[in-house]
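Below is one structure, written out as structure tokens, with a few remarks after it.
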Amino acid sequence: MLVEVFAALNDWVERENQSFRRDGLPLYRPCKIRVFGQTALLESKIDLPLIATNDVDVYADYEHAVQMQFEKLLKQHGKVLDPVGHEGWMPKETQYQTVYQGTHIQGQIALADYVLLAKAIKAPQKNHQLIAAYLARGASDMFVELAKKYNVDLEGFVK
């Protein structure tokens, strides 16, 4: 879903910029949209029991009009840009995978280990089953090391 939204947004920016060029107006600058949270997990197609969500959490450096178009495109897919999603916490080490690279839009999703770590830190009770399932499946060494660094009690998820 996100790749389709990013591509449509890139096309929209291209059309808008063509019009602005003809009229001698400033162009929209290229931007990066980083999706994290539950939507990033869903888009990564990780083999864990995930609950669907309508909210999309992002860090982005887009201009307001681009954000408004992004919201409109998300709505067409039954999704809503979380108005406070940009305030969400992710570990400073978080790495992102580029899932769409256009001329104007770069779309990325947070790698699953970092999203799961954030969930374990910020909402452990709400995400207990998800983290327990991940640990039972075999968490990555990186996840375990980051959990130690951030003082996450992984034993509490397997009890």
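In our numbering, the protein residues as written are 224 to 382. Think of the CB as a built atom: it goes at the ideal place given N, C-alpha and C, for glycine as much as any other residue.
ask   = Is the Cβ of Ala356 closer than 8 Å to any Cβ of chain D?
value = Note that chain D does not occur in the displayed structure, where there is just one protein chain.
inquiry  = At 4 residues or longer, what runs of the alpha helix (DSSP H) sit wholly inside the segment 258-319?
reply    = 260-267, 287-298
message = Let me make sure I understand the geometry here. Which of Tyr323, Met365, Ala335, Leu369 has the alpha-carbon closest to that of Leu353?
response = Ala335
query = Which residues in the same chain have their Cβ closer than 6 Å to the Cβ of Thr262, if we skip the five residues on either side of it in sequence?
reply = Val279
message = Please state whether the Cβ-Cβ distance between Tyr337 and Met313 is less than 8 Å.
response = yes
ask   = So, helix, strand or coil for Gln348, using DSSP?
value = coil
key: DSSP state of Lys372 mapped onto helix, strand, coil   = helix
request  = Using only alpha-carbon positions, find the residue among Val258, Ala230, Glu378 that is nearest to Asp305.
outcome  = Val258
key: Whole-angstrom distance between Ala333 and Leu265, CA atom to CA atom   = 11 Å
message = Using the three-state DSSP reduction, which class does Tyr323 fall into: helix, strand or coil?
response = strand
query = Terminal residues of the continuous beta strand (DSSP E) containing Ala333?
reply = 328-333
ask   = From Gly325 to Leu273, what distance separates their C-alpha atoms?
value = 29 Å
message = I need the straight-line Cα distance from Val375 to Ile344, nearest angstrom please.
response = 6 Å
ask   = Name the DSSP beta bridge partners of Leu255, please?
value = According to the sequence as given, residue 255 is Lys; it is not Leu. Looking at the DSSP assignment, Lys255 forms a beta bridge with Gln329.
ask   = Three-state secondary structure (DSSP) at Trp365?
value = The residue asked about is misnamed: residue 365 is Met in this sequence, not Trp. Looking at Met365 - three-state DSSP - the assignment turns out to be helix.
Own chain, CB closer than 6 Å to Thr210, minus 5 neighbours either side, in chain order = Only positions 224 to 382 of the chain appear in the structure, and residue 210 is not among them; the question remains open.
inquiry  = I'd like to check one pair, Val281 with Gly301: are the Cβ atoms closer than 8 Å?
reply    = no
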